[in-house]
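> A single structure is presented below for examination.
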Amino acid sequence: MTDDSPAPAPQSPPSTLRDWFGGHRIGVVALAISVLALGLAGAPYLSGGDFGGRVRAYLVANPQVLDEVVQARDIAARADRTSGINAVVARNPAALAPAAGEPTFGPVDARVTVTEFFDYRCPYCKMAAPQYLAIMQANPDVRFVFREWPVLDQGEDVTSQYAARAALAAHAQGKYLAVHKALMAQSALSIDGIDRILEANGVDLPKARAAMATADTSRILADVHTGAASLGLEGTPTFFINGKVTATNNPADLSRLITEAKGG
0 MTDDSPAPAP
10 QSPPSTLRDW
20 FGGHRIGVVA
30 LAISVLALGL
40 AGAPYLSGGD
50 FGGRVRAYLV
60 ANPQVLDEVV
70 QARDIAARAD
80 RTSGINAVVA
90 RNPAALAPAA
100 GEPTFGPVDA
110 RVTVTEFFDY
120 RCPYCKMAAP
130 QYLAIMQANP
140 DVRFVFREWP
150 VLDQGEDVTS
160 QYAARAALAA
170 HAQGKYLAVH
180 KALMAQSALS
190 IDGIDRILEA
200 NGVDLPKARA
210 AMATADTSRI
220 LADVHTGAAS
230 LGLEGTPTFF
240 INGKVTATNN
250 PADLSRLITE
260 AKGG
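Per numbering that gives the first Met the number 0, the very first residue in the sequence shown carries number 0; after that it's consecutive.
Listed below in structure tokens is the structure:
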């Protein structure tokens with residue numbers, strides 16, 4: 000830790016979409032599919048009746064079965080994406096390597112490295128931030144890498160981009176964690192609001208604005224975008240622990256995975 004003050008009281012964020020579609024009800028899905036498959040397999044040998052109609056009637060009366068099948072498919076697809084991302088990292092570890100000027104905290108030779116891709120306007124990033132910063136405080140032997148990935152701008156709106164550049168400029172002045180915490184705590188960001196956050200946390204605003212406009216800052220953000228694209232990342236926040244993407248964004252699970260990585 001360097002310039003950060005104690006993290007705010009942890010809050011319990013709701014599980015992300017990856018968590019909402021947990022493993023529950025998979026057994027029901029398997030059973031439903033098995034029953035339907037057995038029925039269809041035996042259909043040619045049934046005499047009389049409209050088997051297809053009965054199946055349709057059953058599904059109409061029990062639409063949750065279709066929801067369960069879709070959820071099972073999504074879980075399998077996410078598992079495939081996770082495996083694909085990890086395979087890319089294994090072939091190209093440099094895709095996760097922070098460039099000079101990117102915020103990193105903790106020992107360079109740490110046994111465990113945690114990397115986060117995030118956007119300051121991502122609601123899940125904001126919900127997880129207090130507990131994530133608390134995890135940093137509790138694990139000084141772990142290296143934490145912050146990868147600014149502004150992806151939520153649309154049209155002429157550049158607020159996410161401005162926030163990322165502001166945070167990098169604050170990092171150059173040794174104020175990153177304080178500014179990061181304040182940006183995550185702000186429910187709705189604006190250009191003027193970001194400037195006020197910089198000043199409130201002791202950042203020299205004219206100097207910061209000059210740094211935000213440099214080619215080095217643009218290069219950092221471009222490299223993060225390129226790395227995220229090469230990995231096939233689809234949203235924020237995305238966490239990696241020792242080069243493997245996590246299946247959850249829940250801070251409690253991240254803490255457990257960090258502990259397990261230390262032991263491994």
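Don't be surprised by glycine CBs; every beta carbon is placed ideally from N, CA and C.
(1) Tell me whether Arg80 sits in a helix, a strand or coil according to DSSP, three-state version.
(2) According to the neighbour-count rule (16 or more other Cβ atoms, all chains shown, within 10 Å of its Cβ), is Ser159 buried or exposed?
(3) Where Thr216 and Arg164 are concerned, what is the direct C-alpha to C-alpha distance, given to the nearest angstrom?
(4) Answer yes or no: do Glu147 and Ala166 have a C-beta to C-beta separation smaller than 8 Å?
(5) Select from Leu232, Pro250, Ala177 and His224 the residue whose C-alpha is nearest the C-alpha of Thr81.
(6) For the beta strand (DSSP E) that contains Glu155, what are its first and last residues?
(7) How should Lys206 be labelled, buried or exposed, when 16 other C-beta atoms within 10 angstroms of its C-beta is the threshold for buried?
(8) Does the structure place the region 105-116 close enough to the region 240-257 that three or more beta carbon pairs sit under 8 Å?
(9) Do you know how far the Cα of His179 is from the Cα of Ala137?
(10) Kindly identify the DSSP beta-bridge partner or partners of Ile193.
(11) Which residue wins for smallest C-alpha separation from Gly242, given the options Ala169, Pro149 and Val144?
(12) Select from Ala210, Ile190 and Ala98 the residue whose C-alpha is nearest the C-alpha of Gly226.
(13) Please name the residue in Leu230, Asp191, His224 and Gly52 whose C-alpha comes closest to that of Asn85.
Result, derived from the coordinates:
(1) helix
(2) buried
(3) 7 Å
(4) yes
(5) Leu232
(6) Segment: none, Glu155 is in no beta strand (DSSP E) and carries neither H nor E.
(7) exposed
(8) yes
(9) 18 Å
(10) Paired residue(s): none; Ile193 is not in a bridge.
(11) Val144
(12) Ala98
(13) Leu230
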